[in-house]
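As structure tokens, the structure follows; a few thoughts come after it.
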Amino acid sequence: MIWSGMGRMACGWGWLAVAALVLVSPAAVAATGIRVMGPGPLSVAEPSAFPHHGCRPVPTREGCTLPCTTVGPLRLTLVAPGYEPRTVELALAPGVSEIDLRDGGWTPTPVVFALDPPELAASVQAVWIEGDDLQTAAAADGVVLGPRVKPGEHVTVALVGSAVAPVVVSRQRAADGEPVAVQLESGSSLAMVCRDPWNGSLLSGCAVELGQPAEGLTKVGSATLLPHGRVLSSGPLLALELEDRSTVLIARAPEFPPTVREVAELPTVADVTLEVPGEVAIALSDETTGLPIAGVVRIAKVLREEEVLLATARSEPGAASEVVLAPGRYVVRADAPGFRPTTREITIAKPRTSLDIPLQRAARLQGRVVSDQGRPLAGAHVLALTTGLALESLQNVAQTDENGQFDVTLPGDGPWRVVAWVEGESSDAVAFAVPPQDVTLIVRTRCTVFVLPLFPDGTPVPAQVLAFLQPQGFRAVVATERSADGYFRAALAPGSWMAAVEELGLVGPLQLPEACEGWRGTVVLLQGRSGAR
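At position 11 of the sequence shown the residue is numbered 20 (the numbering used here), and the sequence of numbers has no breaks.
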């Protein structure tokens with residue numbers, strides 16, 4: 010069977026040309042004809058010479074039939090959808106009824122993609138994998154040519170560019186369904202693969218994180234990569250949708266260390282070779298006794314002035330944390346319950362490095378969290394801070410057990426504040442210079458209240474937003490719903506609050522009673538000062 014094409018003498022329908030030259034030796038051919046088998050329906054394209062009108066090919070599903078009733082040379086140009094022209098010389102002997110052209114002589118045509126809109130197509134590159142190599146093709150006039158894949162076989166192509174969002178086409182090729190229409194959207198993208206550092210082969214198990222380091226979490230060793238952008242994958246071929254804050258990528262594959270790259274340094278089509286693996290073994294110990302302790306180790310890579318968290322491992326007494334890392338400079342942060350965190354800068358320059366980190370004992374606080382009805386609250390989070398509202402590590406955050414009990418490590422040398430949160434509600438902060446033996450944090454249920462802000466002369470303040478602050482509970486509530494008589498509706502806990510209209514620079518104190526549900530009252534606001542009734 011031979012694929013149909015664009016010739017005027019039909020032996021089937023086709024989309025891309027395949028040519029065959031057939032030479033028939035002098036032999037009588039039965040009127041029923043000779044079956045020509047090809048890769049699909051075949052048709053005839055110019056130039057094709059027929060010594061007799063009766064030798065015009067007749068299309069079939071498997072190729073075509075030559076209904077010759079005379080003898081003599083027969084030269085045909087055959088076409089088939091999805092294949093380039095092919096020339097074949099064929100000699101027939103008496104009694105031959107079938108010719109099989111389903112061989113390796115057919116060359117597939119490139120898959121054709123039609124891109125829309127044209128103004129975005131100019132920056133597009135088609136990217137695909139052949140063997141272990143990346144292949145690319147640039148778009149022209151709204152069209153880009155992909156790989157040469159036989160009809161029926163699977164094709165995977167990433168369409169990327171500096172001005173377009175990525176598109177990954179992964180489908181079975183159907184020649185009669187081309188060109189493949191692709192709708193482009195504005196954006197920015199690149200295509201990449203991960204490679205083995207030893208032999209350069211493709212790594213199909215490579216996963217990529219894309220985003221920006223979380224600068225605010227660096228101090229507690231959790232400078233994770235905040236997701237910005239999107240990763241589309243199809244096997245080893247990855248397409249990255251970039252955003253303004255897609256500044257860093259981390260590539261990971263089994264048995265290899267995390268590999269960090271700055272996105273700005275990568276081309277539109279990138280081969281990312283993963284780092285050569287090394288290993289660091291980290292053990293934690295009590296600085297006072299020298300005994301091994303259990304804790305958590307977080308390892309970040311310094312990238313320019315930023316840190317990017319690469320690995321977190323737990324260290325058990327007598328068993329060091331073993332982390333696969335590449336040679337380079339890292340920041341290691343270690344912490345454990347009841348101990349002050351410790352930070353070390355290390356440089357890995359050999360395949361295996363061992364590190365022992367002693368930790369200094371810290372003050373601890375035990376207590377419980379209850380509701381304003383005295384019910385123990387399980388799953389509440391307790392945060393311990395210095396009076397400067399700083400924390401040292403994630404050990405300064407604890408969670409209550411089923412009895413509402415907690416045990417939290419205190420940061421620094423004190424004095425301290427602790428506060429509890431559960432289901433969006435918080436307790437008042439408790440401050441102390443010396444840790445008490447036990448403390449109870451009360452989480453108060455919020456009430457729906459109605460507050461009318463007034464100037465000192467009793468005139469309502471013409472505000473669209475009224476803010477309520479409670480520093481002792483680290484609470485902030487913004488009210489925007491205001492009734493016809495000027496009262497703001499807000500959900501507030503009992504106790505002391507500061508009301509504020511920020512755009513006017515007005516503040517004033519508000520005291521809510523314990524039984525505050527449905528409470529209605531006023532608050533007097535002064536310029537930068539407070540007064541209330």
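Beta carbons are placed, not taken as given, at the ideal position from N, Cα and C, and that holds for glycine.
Backbone secondary structure at residue i - three-state DSSP
i    : result
P127 : helix
V272 : helix
Q369 : coil
G186 : helix
Q375 : strand
L403 : helix
L513 : helix
A442 : coil
A292 : strand
A172 : coil
E107 : strand
C456 : strand
D141 : coil
S255 : coil
A148 : coil
E250 : strand
F497 : strand
I308 : strand
C73  : strand
T531 : strand
Q473 : coil
V65  : As written in the sequence, residue 65 is Arg, which differs from the Val given in the question. In this structure, R65 counts as coil in the three-state DSSP scheme.
R261 : strand
D416 : strand
Buried or exposed by the 16-neighbour rule on C-beta atoms within 10 Å, applied to residue i
i    : result
D253 : exposed
L258 : buried
R182 : buried
V33  : Confidence at V33 is low in this model, with a pLDDT of 42, below 50, so the placement of that residue should be treated as unreliable; the coordinate-derived value is given next. Classification for V33: buried.
Q520 : exposed
E128 : exposed
W115 : buried
S213 : exposed
R323 : exposed
S492 : exposed
S52  : buried
V229 : Legend: pLDDT at V229 = 48, less than 50; position of this residue unreliable, no value from coordinates given.
P522 : exposed
G244 : exposed
P160 : buried
Candidates the options: closest to residue i by CA position
i    : options                   : result
V272 : V285, P286 and L251       : L251
P188 : P94, P90 and A485         : P90
L293 : R370, E315, V285 and L319 : R370
A123 : L394, A54, S171 and D150  : D150
G304 : V311, G327 and G47        : G327
D109 : T69, G170, P160 and R44   : R44
K310 : T356, E331 and G238       : T356
V269 : G244, A174 and L219       : L219
T297 : A148, A260, G347 and A290 : G347
F497 : G517, G530 and P518       : G530
Alpha-carbon to alpha-carbon, residue j and residue i
i    : j    : result
G514 : L501 : 22 Å
D295 : I366 : 9 Å
R338 : S402 : 22 Å
I302 : Q221 : 33 Å
P336 : R361 : 10 Å
V458 : G527 : 5 Å
S195 : A172 : 6 Å
L534 : E511 : 11 Å
E107 : W137 : 38 Å
E316 : R307 : 11 Å
G42  : T74  : 6 Å
R349 : N405 : 10 Å
D422 : G397 : 12 Å
A524 : P503 : 7 Å
L386 : F415 : 10 Å
P263 : L419 : 38 Å
N412 : R377 : 8 Å
A329 : A343 : 12 Å
V285 : F265 : 7 Å
V240 : V191 : 19 Å
A147 : S197 : 16 Å
Closer than 8 Å: residue i CB and nearest the ligand COA heavy atom
i   : result
G49 : What this structure holds is no ligand at all, so the ligand COA is not there to describe.
Short CB-CB distance (under 9 Å) between residue i and chain C
i   : result
V97 : The structure shown contains no chain C; it holds only a single protein chain.
The stretch 201-210 touching the stretch 150-166, judged by at least three CB pairs closer than 8 Å: no
Touch test, the stretch 466-474 against the stretch 411-426, Cβ-Cβ under 8 Å, three pairs minimum: no
Three-pair Cβ contact test at 8 Å for the stretch 317-324 versus the stretch 381-395: no
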